[in-house]
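Visitor: My questions will all concern the structure given below.
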Amino acid sequence: MSADDVIKAHVKVLTEGTERARRLAQTLLNVPYGEGDGEKLDVYIPSTSSLDVSLVIFIHGGYWQFLSKDQSGFLAVPLVDKGVVVVAVDYDIAPKGNAFSLMKKLFHGLYLCGHSAGAHLAAMILSTDWSQYSVTPQIKGAFLVSGIYDILPIVSTYVNEPLKMTEEVAVRNSPSKLVPQLKLSSSMAVAENESPESHKQSEEYYKALEASGLNVTMEVVLNTDHFSIIEQLVDGESHVTKLLLKVMGKS
């Protein structure tokens, strides 16, 4: 497949999974969490009377430039059956937005899950000193999938054309160069057939988290690539879904 066809196939899988989730779950769609046009979220709610409900916030990838919540509800397909609330987050993407104003309200029993650029944003949430915003996040764990943890190499590529990042901005927003502020358990996964740079960044960030005293695990998921690894979250029996459930203590 050509590069364009790979992207189209990936978007198709995520969109179909999201449409399926909307048929299966109770939903609250287009809930605003900020003032930006893109600052909305979709909530997928399980049918349960239990008060012990966990919540997963999923932050999509797309190099901060494409995809949306309309392709981000797919993981609710298996999770709502486990009594998990799934929140698919939109954010203002480049060149309109800077994608860093995601979290204004946090919940008890909340877990983060992010893929690619979404894993970068989740990692930045872990690296933020929230006390300066008078916020005490109640995040219990994070699952980072094939993330970008050092964005300095992107500055000199076509990806940066709409982002217009300087080297200083890239360093300031690279989780691998920051000290984690939230001390919580994290799990990282990287696709076997990722680029060498992706494997290098995942390994280096894993070591940085471990060195800071965090309880963190990392796994290379066999027979997956950058796209198929996250597509597996639509399947309750997939290894990637089981890794996420393990982070949540539901394995």
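Once you know that position 43 of the sequence shown is 43 in my numbering, the rest is easy, because the numbers rise by one and skip nothing. Ideal Cβ positions, reconstructed from N, Cα and C, are used throughout, including at glycine.
Measuring only the C-alpha atoms, how far is Asn-193 from Val-240?
Guide: The alpha-carbon atoms of Asn-193 and Val-240 are separated by roughly 15 Å.
Visitor: Return the bridge partner residues of Asp-42 from the DSSP annotation.
Guide: Looking at the DSSP assignment, Asp-42 forms a beta bridge with Ala-88.
Visitor: Can you tell me whether Pro-196 is buried or exposed? The criterion is at least 16 other CB atoms within 10 Å of its CB, across all chains shown.
Guide: Per the 10 Å Cβ criterion, exposed.
Visitor: Using 10 angstroms around the beta-carbon of Asn-173, count the other beta-carbons present and answer buried if the total reaches 16, otherwise exposed.
Guide: Under this definition Asn-173 is a buried residue.
Visitor: Leu-24 and Val-43 - do their beta-carbons sit closer together than 9 Å?
Guide: No, these two residues do not count as a Cβ contact at 9 Å.
Visitor: Ala-122 and Leu-144 - do their beta-carbons sit closer together than 9 Å?
Guide: In this structure, Ala-122 lies closer than 9 Å to Leu-144 by Cβ.
Visitor: Could you say which of Tyr-133, Asp-150, Glu-168, Tyr-91 lies nearest to Phe-58 if we only look at CA atoms?
Guide: Checking every option, the nearest Cα to that of Phe-58 belongs to Tyr-91.
Visitor: If you compare alpha carbons, which of Leu-222, Ser-251, Gly-83 is closest to Ser-146?
Guide: Checked all of Leu-222, Ser-251, Gly-83; the closest Cα to Ser-146 is Leu-222.
Visitor: With distance defined between alpha-carbon atoms, name the residue in Val-31, Leu-75, Val-56, Ile-45 nearest to Asp-235.
Guide: Closest by alpha carbon: Leu-75.
Visitor: Once the 5 residues before and after Ile-45 are set aside, which same chain residues still bring their CB inside 8 Å of it?
Guide: Taken in chain order, the residues that qualify are Ala-25, Gln-26, Thr-27, Leu-28, Val-80, Val-85.
Visitor: Can you have a look at Pro-78 and say buried or exposed, based on whether 16 or more other CB atoms are within 10 angstroms of its CB?
Guide: So Pro-78 counts as buried.
Visitor: What would DSSP say about Phe-100, mapped onto helix, strand or coil?
Guide: Bear in mind that a pLDDT of 45 at Phe-100, under 50, signals an unreliable position, so the number given afterwards is only what the model happens to contain. Note: Phe-100 maps to coil in three-state DSSP.
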